[in-house]
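Under the numbering used here, the sequence shown has 41 at position 41, and the numbering climbs by one with no breaks. C-beta atoms are modelled at their ideal positions from N, C-alpha and C, and glycine is treated no differently. It should be emphasised that the depicted structure is a prediction, and the values quoted were computed from it without experimental measurement.
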Amino acid sequence: MIKYYPKKTAILVAMAKNGLNQRSLSSASGLNASTISNFLNEKHSPSPNSARKIADALDVNIDEIFEIRVYKSFKRRSVKSNAN
Numbered sequence: 001m002i003k004y005y006p007k008k009t010a011i012l013v014a015m016a017k018n019g020l021n022q023r024s025l026s027s028a029s030g031l032n033a034s035t036i037s038n039f040l041n042e043k044h045s046p047s048p049n050s051a052r053k054i055a056d057a058l059d060v061n062i063d064e065i066f067e068i069r070v071y072k073s074f075k076r077r078s079v080k081s082n083a084n
């Protein structure tokens, strides 16, 4: 599993360099303004697709504005009881 964690300061700097506020970033990325707000306030982590849209709208590499963490998925195995 891959999780994207916003680097809030980096996103805000990129927004300022591009003359964007949350509403104009929303328009440029095609994402809802409340979705952008939730990412910036760390209420939700963006999907890979949403993170890419934000990076593209800000004209930056995705790793400049998001910390990307990869987690291994573990499959649960059922435990059989040896009780008779």
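Within 8 Å, do at least three Cβ pairs link the region 2-22 to the region 66-73? Short answer: they touch.
Along the chain, where does the alpha helix (DSSP H) that runs through proline 46 open and close? Careful: proline 46 lies outside any alpha helix (DSSP H) and carries neither H nor E.
Using the Cα positions of histidine 124 and asparagine 38, report the straight-line distance between them to the nearest angstrom. Coverage of the chain is limited to positions 1 through 84, which leaves residue 124 absent and any answer about it impossible.
Anticipated Cβ contact below 8 Å, aspartate 59 with asparagine 18, distance rounded: Right, the Cβ-Cβ distance comes to about 7 Å (below 8 Å), so this counts as a contact.
Which same chain residues, not among the five before or five after isoleucine 62, have their C-beta less than 7 Å away from its C-beta? Excluding the 5 residues flanking it on each side, isoleucine 62 has same chain C-beta neighbours closer than 7 Å at Ala51, Arg52 and Ala55, in chain order.
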